[in-house]
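Peer 1: Structure below; questions to follow.
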Amino acid sequence: MPAPRFCPQCGTDRLSRRVPPGDSHERLMCAGCAYIHYENPKIIAGCIIEQDGKYLLCQRAIAPRPGTWTLPAGFMESGETTEQAALREVWEETGVRAEIVSPYSIFSVPKISEVYIIFRAVAVEVTGSFGPETLDYRFFAPEEIPWESIYYPAIRQILERYIEERQAGVYGIYIGNDDSGRVHFIR
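Sequence positions in the sequence shown follow full-length UniProt numbering and run 1 to 187.
Encoded structure:
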């Protein structure tokens, strides 16, 4: 959603960018009433779901890049926990009910103000139906995953690392960002 042009508090003045007193960041501010409009990152929550050694991916039906594959994930709604958002997105996109096992990865994309929170999960019910944002969904064995058709580089990196760890039987919790290109392990 684009930032407001006029003050949502007093409605009379245009908002302009400046650094509020005592702040360190430029913000949209109202010259009339001193209202500050904060622009915060969007949270995307999702899951890596395994079933019988296979991993759930969904094929995008919507822009950007319809036809590409990704983990089931999407934007968090107000009033949800990250876990609720991840499970809702899995359900909406794949018709799969899942149970979260643990957090797995937090990945920041500062240039587009997004933060991805990915959980480890297991499927508890597969209904065979999926929502309108999905063309198809499938559980893939690692050698069947359409790696060249995974749209988001961060999702590909997270999934590749997860499969390696699954084979080793040891999982970490990771943080990273697309600015550094590196992901850091946290115990």
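Every residue, glycine too, gets a C-beta built ideally from N, C-alpha and C.
Going by DSSP, what residues sit across from histidine 37 in a beta bridge?
Peer 2: Leu28
Peer 1: Tell me where the beta strand (DSSP E) around arginine 60 begins and ends.
Peer 2: 54 to 60
Peer 1: Taking the C-alpha atoms as reference points, what is the distance between tyrosine 137 and tyrosine 35?
Peer 2: 45 angstroms
Peer 1: Put valine 90 into one of helix, strand or coil per three-state DSSP.
Peer 2: helix
Peer 1: Between the C-alpha atoms of glutamate 164 and valine 122, what's the straight-line distance to the nearest angstrom?
Peer 2: Spanning the two alpha carbons is a distance of roughly 17 angstroms.
Peer 1: Taking DSSP's pairing of strands, which residues face residue 218 in a bridge?
Peer 2: Within the shown structure, residues of the chain are numbered from 1 to 187, placing residue 218 beyond reach of any answer.
Peer 1: Buried or exposed for arginine 65, please, with buried defined as at least 16 other CB atoms from any protein chain shown within 10 angstroms of its CB.
Peer 2: exposed
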